[in-house]
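Novice:
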Amino acid sequence: MFCTYFFIAKPFSYIGIFSACIGDGLASLFGKLIPSFKLVNNKTFAGSISVFVVAFIVFYYFVPNFVMALIVGMGAMLVELFDFAKYDNLFLPVGVATLSFLLVT
Numbered sequence: 001m002f003c004t005y006f007f008i009a010k011p012f013s014y015i016g017i018f019s020a021c022i023g024d025g026l027a028s029l030f031g032k033l034i035p036s037f038k039l040v041n042n043k044t045f046a047g048s049i050s051v052f053v054v055a056f057i058v059f060y061y062f063v064p065n066f067v068m069a070l071i072v073g074m075g076a077m078l079v080e081l082f083d084f085a086k087y088d089n090l091f092l093p094v095g096v097a098t099l100s101f102l103l104v105t
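At position 40 of the sequence shown (counting the first as 1) the number is 40 in the UniProt record's numbering, and the numbers step up by one without a gap.
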């Protein structure tokens with residue numbers, strides 16, 4: 001999150017950080033509370049959907065564009081799903097912030 005905050009422009013770094021903090025926490029919570037099937041790397045469908053919804057809402061709050069928010073939500077869900085050797089907490093904020101920056105600029 002340090003890299004995201006200091007090296008990516010401010011509204012986009014906030015999108016990445018909030019998506020990682022809230023989305024990853026809710027993914028773990030919903031993945032355990034809501035019975036759903038497993039996807040890849042022992043991730044649950046409910047957890048992946050929660051990451052999508054959080055990233056969508058956070059992006060839409062800062063940049064009110066529905067289609068771009070859908071794309072960022074799907075990107076966040078994919079980064080969370082394929083956790084790159086357990087470093088998803090590193091890649092999720094950077095990936096979401098970078099995708100947000102590339103879509104808007």
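Backbone N, C-alpha and C fix where the C-beta goes; we use that ideal spot for every residue, glycine too.
Can we say the region 9-28 touches the region 47-56, given the rule of at least three CB pairs closer than 8 angstroms?
Specialist: Verdict: yes, contact present.
Novice: Along the alpha helix (DSSP H) that carries S50, what are the first and last residues, could you check?
Specialist: Here the alpha helix (DSSP H) through S50 covers 45-62.
Novice: With DSSP collapsed to three states, give me the class of K38.
Specialist: If DSSP states are grouped into helix, strand and coil, K38 belongs with the strands.
Novice: Can you tell me which of T105, F91, F45, F82 puts its alpha carbon nearest to the alpha carbon of L29?
Specialist: Ranking T105, F91, F45, F82 by Cα distance to L29 puts F45 first.
Novice: State buried or exposed for V79, treating a residue as buried only when at least 16 other CB atoms are found within 10 Å of its CB.
Specialist: Result: buried.
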